[in-house]
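Numbering (the working numbering), first residue to last: 21 to 481. Beta carbons are placed, not taken as given, at the ideal position from N, Cα and C, and that holds for glycine. First comes the structure, then the notes that go with it.
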């Protein structure tokens, strides 16, 4: 039986591990992507049925409406009476269609108001994702049903899955190259040891073997020990390097996923509603106003995301400058509370301390710090929030879910998000920005927390 060399064994084991991990990760990626897109598509269709239910109250021409939806939203639309007969259908002649009273999505909508089903449609001979909504129109019950082709969803899933898998493959290639380089170095060192021992054997006389406690043997042992230490150091170096690559790749995946998700939805909303407004000049004014409000809201969200990313880049590269002015800290805190509190109704905020305390800060940047810390307290606590101002510190105290000890030192890292809490936003930049702005002012951020008891965020001046 042929005995493999050390680097060949390592290479084979790596390839085996690579194939195994690739299969596992590929399966996980596909399952996660499939569930994500199905849920996203379902939510989008539910929202579309909600908006269309408002518009359907202002029209009697259902046939025109379903054709308009097919043209603008590329969705199949069906309007069904409570007895199951078809009032309007975008893709087929309604007169030739079967009674829909006992379709799964219609039955669910009749019972719950909303119905959902993925099934094969005999009408159009395709697999479709259906969402149906129960509507009362002129004291009569009808059902508004939207459907999207499953093939389109599967294509989107495959596209995103391929992108994620491409990143994973690049990561494994990088690890393979690094492992191959390190294995080459280890093989070189091993050959040096073997050659050294061979040269010693050739130079020694037969009496050398029996001289186990001789000075020469001790010297050889010392050399071998040093060589072993070198190998251990190289293994540690290899392990640390691999861990760094894994961490970098994991962070890259998180960043790509978070940014693409945060930008995709607002862009899709803006494009969808603006196209509908362009195509239908006679759209109901109330619907037009709702569409424009959604476009404005999502445009503002995109602008805020871009500003947040730009600020994080400046802070990360140490390019952000500050201009300090003396401000009243109590007033600055009160302004933040007034800005944020409307989003969290019936929440009590207690501000304690010196109302005349003035500190030198960059007002715009420090406002970001205060608003972020205060909003986090609102997000993760249902009870009152205490804000305490002292001459040397500012404390924001909540009695919310708390932070796990292992997460406290990490939540201020860029793009870090704790497993159970999405700090600040899905990008994980809120506390990173706050901590870096605090450091720019030569202040410090202290965090104390207990699970299910609450947290204290303290800014020390």
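Near residue i, which residues of its chain fall below 6 Å by C-beta distance, leaving aside the five closest residues on each side in sequence?
i, result
"residue 85", "79"
"residue 83", "108"
"residue 364", "398"
"residue 64", "none"
"residue 196", "none"
"residue 137", "124, 125, 150"
In whole angstroms, give me the CA-to-CA distance for residue i and residue j.
i, j, result
"residue 410", "residue 390", "15 Å"
"residue 140", "residue 370", "58 Å"
"residue 301", "residue 317", "22 Å"
"residue 460", "residue 342", "8 Å"
"residue 405", "residue 147", "51 Å"
"residue 57", "residue 68", "16 Å"
"residue 286", "residue 320", "9 Å"
"residue 131", "residue 428", "46 Å"
"residue 178", "residue 193", "22 Å"
"residue 355", "residue 70", "36 Å"
"residue 40", "residue 201", "22 Å"
"residue 304", "residue 430", "50 Å"
"residue 306", "residue 330", "36 Å"
"residue 43", "residue 52", "14 Å"
"residue 153", "residue 284", "26 Å"
"residue 296", "residue 199", "54 Å"
"residue 157", "residue 94", "25 Å"
"residue 37", "residue 45", "12 Å"
"residue 180", "residue 449", "24 Å"
"residue 475", "residue 47", "38 Å"
"residue 166", "residue 402", "38 Å"
"residue 433", "residue 308", "42 Å"
"residue 471", "residue 254", "41 Å"
"residue 66", "residue 129", "12 Å"
"residue 451", "residue 336", "13 Å"
"residue 55", "residue 204", "43 Å"
"residue 392", "residue 133", "38 Å"
Quick one: using the 10 Å Cβ neighbour count with 16 as the cut-off for buried, is residue i buried or exposed?
i, result
"residue 12", "Outside the shown range of the chain, which is 21 to 481, sits residue 12, and nothing can be said about it."
"residue 168", "buried"
"residue 75", "buried"
"residue 259", "exposed"
"residue 122", "exposed"
"residue 263", "exposed"
"residue 142", "exposed"
"residue 77", "exposed"
"residue 49", "buried"
"residue 257", "exposed"
"residue 454", "buried"
"residue 289", "buried"
"residue 135", "buried"
"residue 323", "exposed"
"residue 175", "exposed"
"residue 416", "buried"
"residue 155", "buried"
"residue 126", "buried"
"residue 352", "buried"
"residue 291", "exposed"
"residue 462", "exposed"
"residue 456", "buried"
"residue 35", "exposed"
"residue 360", "buried"
Leaving out five residues on either side along the sequence, give the residues of the same chain with a beta carbon under 8 Å from the beta carbon of residue i.
i, result
"residue 90", "96, 97, 110, 111"
"residue 413", "478, 479, 480, 481"
"residue 473", "419, 422"
"residue 299", "88, 91, 92"
"residue 266", "191, 195"
"residue 73", "153, 155, 164"
"residue 372", "406, 407, 408, 409"
Is there at least one Cβ from chain D nearer than 9 Å to residue i's Cβ?
i, result
"residue 404", "No chain D appears in this structure, which consists of one protein chain only."
Among the residues of its own chain, which have a CB less than 7 Å from the CB of residue i, if the five just before and after it don't count?
i, result
"residue 293", "311, 314, 315"
"residue 105", "119"
"residue 99", "82, 86, 107, 108, 162, 164"
"residue 33", "none"
Every unbroken alpha helix (DSSP H) within the segment 24–95, with a cutoff of 4 residues, ordered by chain: Qualifying alpha helix (DSSP H) stretches, in chain order: 26–76, 82–93.
Report the start-end ranges of each beta strand (DSSP E) in the segment 148–189 that is 3 residues or longer and not cut off at the edges. Along the segment 148–189, the beta strand (DSSP E) occurs as fully enclosed runs of 3 or more residues at 160–169, listed in sequence order.
If you pair each beta-carbon of the segment 184–199 with each one of the segment 155–168, do three or more pairs fall below 8 Å? These segments do not touch.
With a floor of 3 residues, list each beta strand (DSSP E) that falls wholly inside the segment 309–373, ordered by position along the chain. Segments of the beta strand (DSSP E) lying fully in the segment 309–373: 345–348, 369–373.
Please confirm if the segment 378–395 is in contact with the segment 335–347, defined as three or more CB-CB distances below 8 Å between the two stretches. Yes, they touch.
When you compare the segment 396–405 with the segment 418–429, are there three or more beta-carbon pairs, one atom per stretch, that lie closer than 8 Å? With contact defined as three or more Cβ pairs closer than 8 Å, the segment 396–405 and the segment 418–429 are in contact.
Taking the runs of the alpha helix (DSSP H) that are 4 residues or longer, which of them lie wholly in the segment 382–424? Listed in chain order, the alpha helix (DSSP H) elements of length 4 or more contained wholly in the segment 382–424 are 383–399.
Taking only runs that begin and end inside the segment 88–147, name each unbroken alpha helix (DSSP H) of 4 or more residues, in chain order. For the segment 88–147, whole alpha helix (DSSP H) runs of length 4 or above, ordered along the chain, are 124–132.
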